[in-house]
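In full-length UniProt numbering, the protein residues as written are 1 to 584. Note that the Cβ used here is the ideal one computed from N, Cα and C, for glycine as well. For clarity, every value in this text was computed on a predicted model and none was experimentally measured.
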Amino acid sequence: MKTQSISQTNYDTFIHYVKSQQVERVTIKSRKVEYQLKAEFGGQHYQTPKAQPQTDLVDLLNSQNIRFNIVNDNTDTGSLIALLLSSGLLVGALAWIAKFSTESGGIGMGMGMGKSNAKVYQNGKTGVKFSDVAGVDEAKQELQEVVDFLQNGDKYRKIGAKIPKGILLVGSPGTGKTLLAKAVAGESGVPFLSMSGSEFVELYVGVGASRVRDLFDRAKRQAPCIIFIDELDAIGKSRGSNPNNGNDEREQTLNQLLTEMDGFDGNEGVILLAATNRPEILDPALRRPGRFDRQVLVDRPDKSGRLEILKVHSHKVMLGENVDLERIAIQTAGFAGADLANLVNEAALLAARNNRQAVLMADFNQAIERVVAGLEKRSRILTPLERQTVAYHEVGHALVGALMPGGGKVSKISIVPRGLGALGYTMQTPEEDRFLMLEDEIRGKIATLLGGRAAEKIVFNQVSTGAGDDIQKATDLADKAITQYGMSKDLGPVAFAKNEEQFLNNSTFRRVISGEVTAKIDSLVKEYIDRGYEIARQILSLNRGLLESTTQTLLNQEVLEGEQLERILALVKAPKELSEFLTQ
Numbered sequence: 001m002k003t004q005s006i007s008q009t010n011y012d013t014f015i016h017y018v019k020s021q022q023v024e025r026v027t028i029k030s031r032k033v034e035y036q037l038k039a040e041f042g043g044q045h046y047q048t049p050k051a052q053p054q055t056d057l058v059d060l061l062n063s064q065n066i067r068f069n070i071v072n073d074n075t076d077t078g079s080l081i082a083l084l085l086s087s088g089l090l091v092g093a094l095a096w097i098a099k100f101s102t103e104s105g106g107i108g109m110g111m112g113m114g115k116s117n118a119k120v121y122q123n124g125k126t127g128v129k130f131s132d133v134a135g136v137d138e139a140k141q142e143l144q145e146v147v148d149f150l151q152n153g154d155k156y157r158k159i160g161a162k163i164p165k166g167i168l169l170v171g172s173p174g175t176g177k178t179l180l181a182k183a184v185a186g187e188s189g190v191p192f193l194s195m196s197g198s199e200f201v202e203l204y205v206g207v208g209a210s211r212v213r214d215l216f217d218r219a220k221r222q223a224p225c226i227i228f229i230d231e232l233d234a235i236g237k238s239r240g241s242n243p244n245n246g247n248d249e250r251e252q253t254l255n256q257l258l259t260e261m262d263g264f265d266g267n268e269g270v271i272l273l274a275a276t277n278r279p280e281i282l283d284p285a286l287r288r289p290g291r292f293d294r295q296v297l298v299d300r301p302d303k304s305g306r307l308e309i310l311k312v313h314s315h316k317v318m319l320g321e322n323v324d325l326e327r328i329a330i331q332t333a334g335f336a337g338a339d340l341a342n343l344v345n346e347a348a349l350l351a352a353r354n355n356r357q358a359v360l361m362a363d364f365n366q367a368i369e370r371v372v373a374g375l376e377k378r379s380r381i382l383t384p385l386e387r388q389t390v391a392y393h394e395v396g397h398a399l400v401g402a403l404m405p406g407g408g409k410v411s412k413i414s415i416v417p418r419g420l421g422a423l424g425y426t427m428q429t430p431e432e433d434r435f436l437m438l439e440d441e442i443r444g445k446i447a448t449l450l451g452g453r454a455a456e457k458i459v460f461n462q463v464s465t466g467a468g469d470d471i472q473k474a475t476d477l478a479d480k481a482i483t484q485y486g487m488s489k490d491l492g493p494v495a496f497a498k499n500e501e502q503f504l505n506n507s508t509f510r511r512v513i514s515g516e517v518t519a520k521i522d523s524l525v526k527e528y529i530d531r532g533y534e535i536a537r538q539i540l541s542l543n544r545g546l547l548e549s550t551t552q553t554l555l556n557q558e559v560l561e562g563e564q565l566e567r568i569l570a571l572v573k574a575p576k577e578l579s580e581f582l583t584q
């Protein structure tokens, strides 16, 4: 049924229609009158504001014999009453919340927002012991003292010694900081309260500080006790860094933490462990003695440490007779504990995928390549020219790298695409752990990186985009040699840049220097790159025949490694300019 629209008229017009017998029916409401004209006058619907007493209007309609009805639609009064009731309820609820939250420490605290949601492990039942942690013997020795204090505190108190109030675990991601904290609790057998730094900070100012108070109150009631805060930098960043200069919830949380650790009230029997990979941004007041008295470095493991970690993680894995964990430890220089755990798991998955009953050395070799270079992408089809370009490029890296000092042994060349963008790769395996790089090794590294581009230029007389990553790495290395390591004869041992992050991306920034010095640095970086590229070109030109034959073999086999590759690289001849290049 179609709804007819209602037009607006004034009251005088309505009275005129009534007296002239044009109105069919009328509906009288509290504030308006609705009416309809007779069919012969159009039958339209109208409404008009009510302008005279209802009794007078009723008398007029009766005198004209017009049908009407009266509707009691006093909705405004009802709405007003409903509004008043709802407002009263809202005010009462707010008053109740305000009273409840005042007694509990702040808005929202009464509903549990100010309570710490720390995970509690009673009696240190974290499931981790020191025997489950390997490769960080020095850090374990530092923390063993904490365990001994919690178990035999009287020995320390008699001599007047005090255990550190706070112990800060610092190191790169994946080195085992959280695992060490769990091991401390597991060995000591005391309650262990664990929280992440991000769990303290909320939208409402004061919630984080309340959670810190609640956390320490719970710990004091269970003393001796260990509190562990992971990713401490979430709340421990240096104060004064708020760009808005306003009330910063994170700073209030930090202030409360500082007070709880070393304020008027003591924390006898409560030891705070914390972990971070960004110690350089922590507030100085947090790192001072009396709060975090001791910083324990959890570094990447050396070869013996990697071997112990591999033994721990492969304990429950069925290993084949040909698995040489010591060899794997040598090949995985730079791997953290988490990387090695992932490596063992990847090797086990590969063995299971191939329906083997035990994990073989071949599985570990494939797992290392997968972790370092990414997953094989044999479905990525290259054109014949692209495949040739990649092969010459990788062989160029290998032939140049075979003559360079300190770069590690070239152990494999592959033109099987891997990862996001690697169309091929040349793997160099270090013979031993290295902690320093000499000048000639840096020059050799740059030349090796540019060997692929030089091979493309020699063979095709043009270059491809495949050398983009190599150029970036070579440029970064040359820039660091000049601006951080002071290896330029012209500029001398002056640091023009410094590391911004200690354990993360090792990003750097340059201090303010003159335009003249900046131009000189850029010139010297280009000189480093040009010399490296030139010596790589000379090596490949001298070994052009070996470059061609090795590339054809690689195109046929896709992979070169083992004794076959060793025989090829033993044939590489060194140009007479090489010694001058390495010692200049």
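query: Under a Cβ-count criterion, where at least 16 other Cβ atoms within 10 Å of its own Cβ denotes burial, should residue 596 be classed as buried or exposed?
result: Here the chain has residues from 1 to 584 only, and residue 596 is not among them.
- request: Could you tell me the boundaries of the alpha helix (DSSP H) in which A347 lies?
  value: The continuous alpha helix (DSSP H) containing A347 extends over residues G337 to R353.
CA-to-CA distance, D148 to S101, given in whole angstroms: Note that S101 scores 48 on pLDDT, short of 50, meaning its location in the model is unreliable and no value can be drawn from it.
message: At 3 residues or longer, what runs of the beta strand (DSSP E) sit wholly inside the segment 11-58?
response: The qualifying runs are 23-28, 32-37 and 45-49.
- prompt: At which residue ranges does the segment 399-439 contain complete beta strand (DSSP E) runs of 3 or more residues, listed in the order of the chain?
  reply: Fully enclosed beta strand (DSSP E) runs of no fewer than 3 residues occupy 409-414 and 425-429 of the segment 399-439, in order along the chain.
- prompt: Does the pairing of the segment 357-376 with the segment 393-402 give three or more beta-carbon distances under 8 Å?
  reply: Taking 8 Å as the limit for Cβ pairs, the verdict is that the segment 393-402 does not touch the segment 357-376.
task: Count the other CB atoms, across all protein chains shown, that sit within 10 Å of the CB of E103; report buried if there are 16 or more and exposed otherwise.
output: Because E103 carries a pLDDT of 44, less than 50, the predicted location of this residue cannot be relied on, and the following value inherits that uncertainty. Answer is exposed; the Cβ neighbour count stays below 16.
- request: Could you check the C-alpha separation between A391 and T276 for me, to the nearest Å?
  value: Taking the CA atoms as reference points, A391 sits about 43 Å from T276.
message: What residue range does the alpha helix (DSSP H) around R278 cover?
response: It is not in any alpha helix (DSSP H) - R278 carries neither H nor E in the DSSP assignment.
For Q484, the three-state DSSP class (helix, strand or coil): It is coil, neither helix nor strand.
query: Leaving out the 5 sequence neighbours to the left and right, which residues in its chain are closer than 7 Å to A373 when beta-carbon positions are compared?
result: Within the same chain, R418, G419, A422 and Y425 come within 7 Å of A373 by CB-CB distance, once the 5 residues on both sides are set aside.
- request: Mark G401 as exposed unless 16 or more other C-beta atoms lie within 10 angstroms of its C-beta, in which case mark it buried.
  value: By the neighbour-count rule (16 or more Cβ atoms within 10 Å), G401 is buried.
message: For K576 and L403, I'd like the C-alpha separation in whole angstroms.
response: Approximately 12 Å, taken between the alpha carbons.
task: Examine the Cβ distances between the segment 221-239 and the segment 281-289 and report whether three or more of them are shorter than 8 Å.
output: Yes, they touch.
task: Just the C-alpha distance for K573 and L450, rounded to the nearest angstrom, thanks.
output: Distance between the alpha carbons of K573 and L450 is about 18 Å.
field: Helix, strand or coil at K303 according to DSSP, with G and I counted as helix
entry: Annotated three-state conformation of K303 is helix, per DSSP.
task: State the Cα-Cα distance for the pair L180 and V494, rounded to the nearest angstrom.
output: If you take the alpha carbons of L180 and V494, they lie about 39 Å apart.
query: With distances taken from CA atoms, which of G545, G290 and A348 is nearest I313?
result: The question names Ile, yet the displayed sequence has His at residue 313. When C-alpha distances from H313 are compared across G545, G290 and A348, the shortest belongs to A348.
message: Using only the alpha-carbon positions, how far apart do A139 and K182 sit?
response: Distance from the CA of A139 to the CA of K182, rounded to the nearest whole angstrom, comes to 13 Å.
task: Please name the residue or residues paired with T508 in a DSSP beta bridge.
output: BP columns for T508 point to N499.
message: Alpha carbons only, please: which of L382, A570, S210 and F335 is nearest the one belonging to R306?
response: The alpha carbon of R306 has as its nearest neighbour, out of L382, A570, S210 and F335, the alpha carbon of F335.
task: Take the Cβ of G246 as the centre, count every other Cβ of all protein chains shown within 10 Å, and call the residue buried at 16 or more, exposed below.
output: Any reading at G246 must be qualified, since the residue scores a pLDDT of 44, below 50, and its modelled position is unreliable; no value is offered.
message: I need the straight-line Cα distance from L193 to L297, nearest angstrom please.
response: Distance between the alpha carbons of L193 and L297 is about 22 Å.
message: Measuring straight from C-alpha to C-alpha, what distance separates N499 and S488?
response: If you draw a straight line from the Cα of N499 to the Cα of S488, it comes to about 19 Å.
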